[in-house]
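Residue numbering for the sequence shown follows our numbering, starting at 1427 and increasing by one per position.
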Amino acid sequence: MPWPALLSGLGFGFLIAAPVGPVSLLCMNRTLRQGLSAGLATGAGIALADTSYALIAVTGFRAAGEFTSGYAIPLKLLGSLFILYLGVIAWRSADAAASAEMPHRGSLYCFISSYLLTVSNPATVLSFIALAASLGGTSGRSLLLPAGIAIGSFGWWLLLTLIIVWIRGRLPGSFSLLLSRTSAVLLILFSLYGIFSVFQ
């Protein structure tokens, strides 16, 4: 029966998406600043990146796994620099929003940037290397596994985005601005930690 693979994927996709990290902060920040469409586009990009790695794990593309593990340090540095860039953009956008001059960031930009960030995130790479190592049998190799991961991951981002939209509509503008700036600062701190850890 293929259903165990689908259910396993749902659980794995939800669990890998749920921990608070740079991508979670990015999704929350964009939802606070730009609303539902930006949050969903960001979540969709993250879910697609998770699904891409799941497909690699299921189909047994060892070369891709060896590449990502062999270049873990450069990937971590690039990912951290990208997070720093997004954090600075988020801070500047929060300031622009406060002065009613917020620049427009389209859904395509939100989708592509979140996809690239997640693909270069070492935590994502390590999670799916572990998934590839643990796969076994026909259910572990079923394409329903990445399908479940896609549904589980996007389900989490949909839930998070809807919660942030609900909160956003019930908070004064000053508090939403504070949350937006806080998430931008945390993004920058995450990036600096990642950069410093590369050179330790």
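For every residue, glycine included, the Cβ atom is placed at its ideal position computed from N, Cα and C.
(message) Quick check on this structure: which residue in F1622, W1582, L1618 has the alpha carbon closest to the alpha carbon of L1436?
(response) For the purposes of this step, residue 1436 is taken as residue 10 along the sequence shown, with counting starting at 1. Checking every option, the nearest Cα to that of L1436 belongs to W1582.
(message) Helix, strand or coil, according to DSSP, for Q1626 in the structure here?
(response) Here residue 1626 corresponds to residue number 200 of the sequence shown, with the count starting at 1. Reduced to three states, the DSSP call for Q1626 is coil.
(message) Taking 7 Å as the cut-off, is the C-beta of S1434 nearer than that to any heavy atom in the ligand MG?
(response) Questions concerning the ligand MG fall outside what the structure shown contains, since it holds no ligand whatsoever.
(request) Identify, in the order they occur along the chain, each residue of the same chain with its Cβ nearer than 6 Å to the Cβ of L1451, setting aside the five sequence neighbours on each side. (result) By 1-based counting over the sequence shown, the position of residue 1451 is 25. Excluding sequence neighbours, L1451 sits near S1609, L1612, L1613.
(request) Measuring alpha carbon to alpha carbon, tell me which of I1575, L1584, G1469, F1601 ends up nearest S1539. (result) Here the question's residue 1539 lines up with position 113 in the sequence shown. Here the closest residue by C-alpha is G1469.
(request) Give a yes or no on whether the C-beta atoms belonging to G1461 and V1591 are separated by under 8 Å. (result) Reading the sequence shown from its first residue, position 35 is the one you call residue 1461. Reading the sequence shown from its first residue, position 165 is the one you call residue 1591. Yes, they are a contact pair.
(message) At the level of alpha carbons, what is the spacing between G1465 and R1607?
(response) Mapped onto the sequence shown, residue 1465 falls at position 39. Mapped onto the sequence shown, residue 1607 falls at position 181. It is roughly 16 Å from the alpha-carbon of G1465 to the alpha-carbon of R1607.
(message) If contacts are defined as beta-carbon pairs under 8 Å, then S1506 and S1617 qualify, I think. What distance do you get, rounded to the angstrom?
(response) Translated into positions along the sequence shown, residue 1506 becomes position 80. Translated into positions along the sequence shown, residue 1617 becomes position 191. Between S1617 and S1506 the Cβ distance is about 5 Å, and since that is below 8 Å, they are a contact.
(message) With a threshold of 6 Å on Cβ separation, who are the neighbours of M1454 within its own chain once the five nearest residues in sequence on each side are excluded?
(response) As a position in the sequence shown, residue 1454 is number 28, starting the count at 1. Closer than 6 Å at Cβ, skipping near neighbours: I1590, S1609.
(request) Report the rounded CA-to-CA distance for A1431 versus R1594, giving the unit in angstroms. (result) Counting from one through the sequence shown, the residue named residue 1431 turns up at place 5. Counting from one through the sequence shown, the residue named residue 1594 turns up at place 168. Rounded to the nearest angstrom, the two C-alpha atoms are 37 Å apart.
(message) If contacts are defined as beta-carbon pairs under 8 Å, then I1621 and D1476 qualify, I think. What distance do you get, rounded to the angstrom?
(response) For the purposes of this step, residue 1621 is taken as residue 195 along the sequence shown, with counting starting at 1. For the purposes of this step, residue 1476 is taken as residue 50 along the sequence shown, with counting starting at 1. In fact, because the Cβ distance is near 24 Å, the residues do not count as touching under 8 Å.
(message) Looking only at its chain, what residues have a beta carbon closer than 7 Å to the beta carbon of P1445, apart from the 5 residues adjacent to it on each side?
(response) Taking the sequence shown and counting its residues from 1, the one referred to as residue 1445 is at position 19. Excluding sequence neighbours, P1445 sits near nothing in its chain.
(message) Please report the straight-line C-alpha distance between A1473 and V1514, rounded to a whole angstrom.
(response) For the purposes of this step, residue 1473 is identified with residue 47 of the sequence shown, where counting begins at 1. For the purposes of this step, residue 1514 is identified with residue 88 of the sequence shown, where counting begins at 1. The alpha-carbon atoms of A1473 and V1514 are separated by roughly 24 Å.
(message) Using only the alpha-carbon positions, how far apart do T1457 and L1571 sit?
(response) Here residue 1457 is taken as the residue at index 31 of the sequence shown, counted from 1. Here residue 1571 is taken as the residue at index 145 of the sequence shown, counted from 1. Rounded to the nearest whole angstrom, the CA to CA distance from T1457 to L1571 is 29 Å.
(message) Taking 8 Å as the threshold (C-beta atoms), are I1442 and S1579 in contact?
(response) As a first step, residue 1579 is located in the sequence shown; it is residue number 153 there, counting from the start. As a first step, residue 1442 is located in the sequence shown; it is residue number 16 there, counting from the start. Taking 8 Å as the Cβ cut-off, S1579 and I1442 qualify as a contacting pair.
(request) Using 10 angstroms around the beta-carbon of G1439, count the other beta-carbons present and answer buried if the total reaches 16, otherwise exposed. (result) Residue mapping note: residue 1439 aligns to position 13 of the sequence shown, counting from 1. Buried, by the Cβ-count rule.
(request) Go through its chain and collect everything with a Cβ distance to A1480's Cβ below 6 Å, but skip five positions before and after it. (result) If you number the sequence shown from 1, residue 1480 lands on position 54. P1572, I1575.
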